[in-house]
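Novice: I have a structure I would like to understand better, so I am pasting it below and will then ask my questions one at a time.
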Amino acid sequence: MTGNLRILVTGFGPFPGAAFNPTMPLVERLAKLRRPALDDVAIATHIFDVAYATVDRELPQLLAAHRPHALLMFGLAARTPWLQIETRARNAVTTIWPDQGGTRVGKRSIAGTADARTFGPHVFRLLRAALATGIDARASRDAGSYLCNYLCWRAIEATHHRTGTRLAAFVHVPPLRRDGSARVPGGLTLDHLVDASEAMLLEMAKAARQADRAWNPRRL
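Under the UniProt record's numbering, the residue at position 142 of the sequence shown is numbered 142, and the numbers go up by one with no gaps.
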């Protein structure tokens with residue numbers, strides 16, 4: 001690896017049924033982290049509009065511009081009160097719910113290949129890191145069939161090409177109030193999410209270094 005380790009951290013904007021997406025302030029907070037363990041990590045951030053065309057256009061642009069070694073992506077799970085670390089992307093897309101731009105997909109699959117694609121065993125390291133902060137975090141095999149799952153699929157695709165992106169992970173967060181407080185008594189707050197996400201970011205950096213050593217033994 002030449003230069004800094006590069007990690008791209010992404011979130012989503014609002015979408016129909018969710019006028020406030022807590023991944024936006026979460027990504028903003030992560031961009032401002034200053035920790036010794038991240039001194040040589042270049043963190044780029046991006047917020048996607050909740051639109052299929054936006055993901056298809058902007059993800060390749062971001063990969064070309066930042067050449068990240070790893071992707072750490074966040075999305076909102078509006079009905080889930082815990083942190084949810086996705087283990088795979090399903091080859092499924094809803095034909096019912098339109099995206100923010102009004103586009104409704106006309107077929108039920110993303111690609112005519114496998115039923116699912118997995119992120120890899122590193123996601124369980126992220127899960128353990130999140131749990132170590134004391135929050136309720138769980139692994140998930142179902143990222144839904146909307147934009148979050150779609151981005152998961154496209155990101156895993158990217159790791160299969162020799163673009164330098166080795167690892168990707170996607171984390172669903174619960175809904176919050178606009179002030180960062182929990183939506184339910186005793187629920188997760190923005191501060192909880194930042195602490196857990198920081199721990200996952202640190203673990204992602206370690207995993208990315210190890211993955212890069214495996215691909216390029218002479219580096220690092």
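We put the CB at the ideal spot given by N, CA and C, even for glycine.
As the structure is a prediction and not an experimental result, all values here were calculated from the model.
Could you pull the start and end residues of the alpha helix (DSSP H) that F124 belongs to?
Specialist: In the sequence shown, counting from the first residue as 1, residue 124 sits at position 124. Run containing F124: 122 to 131, per the alpha helix (DSSP H) assignment.
Novice: Using a Cβ-Cβ cutoff of less than 8 Å, which residues in the same chain neighbour Q210 once the five nearest sequence positions on both sides are dropped?
Specialist: Translated into the one-based positions of the sequence shown, residue 210 becomes position 210. For Q210, where only same-chain residues beyond five positions count, there are no Cβ hits under 8 Å.
Novice: Determine the DSSP secondary structure at L50, reduced to helix, strand or coil.
Specialist: Numbered from its first residue, the sequence shown carries residue 50 at position 50. Correcting the residue type first, residue 50 is Val in the shown sequence and not Leu. DSSP places V50 in coil when its eight states are reduced to three.
Novice: Please classify V184: is it buried, with 16 or more other beta-carbons within 10 angstroms of its beta-carbon, or exposed?
Specialist: Counting from one through the sequence shown, the residue named residue 184 turns up at place 184. Classification for V184: exposed.
Novice: Just to confirm the assignment, what range does the alpha helix (DSSP H) spanning V27 have?
Specialist: For the purposes of this step, residue 27 is taken as residue 27 along the sequence shown, with counting starting at 1. Per DSSP, V27 belongs to the alpha helix (DSSP H) from 23 to 31.
Novice: Quick one: is R88 buried, meaning 16 or more other Cβ sit within 10 Å of its Cβ, or exposed?
Specialist: Indexing the sequence shown from 1 puts residue 88 at position 88. By the 10 Å Cβ count, R88 comes out buried.
Novice: Consult DSSP for T165 and reduce its assignment to one of helix, strand or coil.
Specialist: Along the sequence shown, read from residue 1 onward, the residue named residue 165 stands at position 165. Looking at T165 - three-state DSSP - the assignment turns out to be coil, as it is neither helix nor strand.
Novice: Once DSSP output is grouped into helix, strand and coil, what is the label at T10?
Specialist: Here residue 10 refers to the residue found at position 10 when the sequence shown is read from its first residue. DSSP places T10 in strand when its eight states are reduced to three.
Novice: Mind checking N149: buried by the 16 CB within 10 Å criterion, or exposed?
Specialist: Stepping through the sequence shown from its first residue, residue 149 is reached at position 149. N149 is buried by the Cβ-count criterion.
Novice: Do L83 and L188 have their beta-carbon atoms positioned less than 8 Å apart in this structure?
Specialist: Here the question's residue 188 lines up with position 188 in the sequence shown. Here the question's residue 83 lines up with position 83 in the sequence shown. Contact: yes.
Novice: E198: beta carbon under 7 Å from a heavy atom of the ligand HEM?
Specialist: In the structure shown, the ligand HEM is absent, as is every other ligand, since no ligand is present at all.
Novice: Tell me which residues share the same chain as V171 and place their Cβ nearer than 6 Å to its Cβ, disregarding the 5 neighbours each side in the sequence.
Specialist: Position 171 of the sequence shown, counted from the first residue, corresponds to residue 171. F74, I85, listed in sequence order.
Novice: Closer than 6 Å by C-beta to D49: which residues in its own chain qualify, once you throw out the five before and the five after it? Chain order, please.
Specialist: Counted from its first residue, the sequence shown places residue 49 at position 49. Closer than 6 Å at Cβ, skipping near neighbours: G13, Q100.
Novice: Report all residues from its chain with a CB closer than 8 Å to the CB of N91; omit the five preceding and five following residues, and keep chain order.
Specialist: Within the sequence shown, residue 91 is the residue found at index 91, counting from 1. So the list reads S109, I110, A111, T113, A114, D115, A116, R117, W153, once near-sequence residues are dropped.
Novice: Expressed to the nearest angstrom, what Euclidean distance is found between the alpha-carbon atoms of L126 and R104?
Specialist: Residue mapping note: residue 126 aligns to position 126 of the sequence shown, counting from 1. Residue mapping note: residue 104 aligns to position 104 of the sequence shown, counting from 1. Whole-angstrom Cα-Cα distance: 33 Å.
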